[in-house]
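The end of the sequence shown is residue 268 by this note's numbering, with every number in the run present.
Positions of the beta carbon are idealized from the N, C-alpha and C atoms, including for glycine.
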Amino acid sequence: MAGHNPMPNSSPAMTRRGFVTATLAAGFALAVRPISAATIATDEAELTAGEIRISTGDGPMPAYRAKPQSGAGFPVVLVVQEIFGVHEHIKDVCRRFAKLGYLAIAPELFTRQGDVSKMTDIDEIRSKVVSQVPDAQVLSDLDAAVAWAKESGEGNIERLGITGFCWGGRIVWLYAAHNPQLKAGVAWYGRLAGNPTPLQPKHPLDVASSLKAPVLGLYGAEDKGIPLDTVEQMKATLQSAGGTSQFVIYPNAPHAFHADYRPSYRKEAAEDGWKRLQDWFKKNGVA
-18 MAGHNPMPNS SPAMTRRGFV TATLAAGFAL AVRPISAATI ATDEAELTAG EIRISTGDGP
42 MPAYRAKPQS GAGFPVVLVV QEIFGVHEHI KDVCRRFAKL GYLAIAPELF TRQGDVSKMT
102 DIDEIRSKVV SQVPDAQVLS DLDAAVAWAK ESGEGNIERL GITGFCWGGR IVWLYAAHNP
162 QLKAGVAWYG RLAGNPTPLQ PKHPLDVASS LKAPVLGLYG AEDKGIPLDT VEQMKATLQS
222 AGGTSQFVIY PNAPHAFHAD YRPSYRKEAA EDGWKRLQDW FKKNGVA
């Protein structure tokens, strides 16, 4: 990726910063301990998995990559982190995809703003790091990950999907409006509405009518942070735009019901959502 040019949507906020996080965190983020006994651990047998460096317009970005050990030209799935960064849970999700035959890439999208893995307070993570991350930077970094998949020869970007959780679920919707190469997305309980800021000028509701790929939204009816009325607004906007995006609402599920390392985990909803994700990617030309 030497010589890779900055993406057109690069912003001054992206280039003024150095890279705070030079490598990925080991283990789980401190803010999510203790780790639940239900935590899923996917091994690396028959996989190639580990940290890589992805060239961006202002330096190398750490990312986690997992793929089958043999072969090439795998379908590509971008895995977008929660607010806790690319810690062990996100790495494990990448390995789960690799076991299914995908090249999974999880870029550390907070790398310029701070190392959230060492922070113990969720409010501090939100205020000092997450709120400081420009959407334009995130979309550009995801584009850089797609370029890496292509230039490395490991992935077939004609079969490109994206999934993300919580903070990353919101990003899935934005990326589906951003990249015309995308085949499909799956957003796990990502926020749909909010007040615009200079760094986050638009939310999924604002781009719902201009999606370039269908998104499957997986949400919990008991999610205290995402009002169901915003889900209904999103559904109505998508329907009026004539797209094929869909929602599944799990009746007894809270926020972060897929996060098996946390008390919010709901096994039945998580497993159903994972199956629906696979079916969605197959239906829309990713798998």
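Outcome for residue i when other beta-carbon atoms lying within 10 angstroms are tallied against a minimum of 16
i: V1; result: exposed
i: E63; result: buried
i: T144; result: buried
i: K263; result: exposed
i: A26; result: exposed
i: E89; result: buried
i: R140; result: buried
i: R(-3); result: Unreliable positioning characterises R(-3) in this predicted model, as indicated by a pLDDT of 40, which lies under 50. The coordinate reading is nonetheless provided below. Exposed: under 16 other Cβ atoms inside 10 Å.
i: P232; result: exposed
i: K256; result: exposed
i: P(-7); result: Per-residue confidence for P(-7) stands at a pLDDT of 34, beneath the threshold of 50, marking its modelled position as unreliable; no derived number is given.
i: S226; result: buried
Whole-Å CB distance - residue i paired with residue j, under 8 Å assumed
i: V196; j: A168; result: 6 Å
i: T20; j: A125; result: Their Cβ separation, rounded to whole angstroms, is 30 Å, which puts T20 and A125 out of contact at 8 Å.
i: A189; j: M215; result: 6 Å
i: L5; j: V67; result: 5 Å
i: T23; j: R77; result: 5 Å
i: A10; j: S98; result: 5 Å
Test item: CB-CB of residue i and residue j under 7 Å
i: V110; j: F91; result: yes
i: A12; j: M100; result: yes
i: A85; j: A79; result: yes
i: V114; j: Q94; result: yes
i: G82; j: V267; result: no
i: A157; j: A194; result: yes
i: L180; j: V229; result: no
i: S51; j: Y242; result: no
i: A47; j: A30; result: yes
i: P244; j: G201; result: no
i: W148; j: P185; result: no
Are at least three pairs of beta-carbons, each pair with one atom in the segment 45 to 58 and one in the segment 209 to 223, less than 8 Å apart? Not touching, per the Cβ criterion.
Run through the segment 168 to 226 for me and flag every whole beta strand (DSSP E) of 3 or more residues, listed as ranges in chain order. 196 to 201
So within the segment -1 to 64, which uninterrupted beta strand (DSSP E) runs reach at least 3 residues, ignoring any that extend past its ends? Complete beta strand (DSSP E) runs here, min 3: 28 to 37, 40 to 49, 55 to 61.
Three or more C-beta pairs below 8 Å linking the segment 199 to 217 and the segment 169 to 184: yes
Give, in chain order, every unbroken run of the beta strand (DSSP E) that is at least 3 residues long and sits entirely within the segment 63 to 91. 84 to 88
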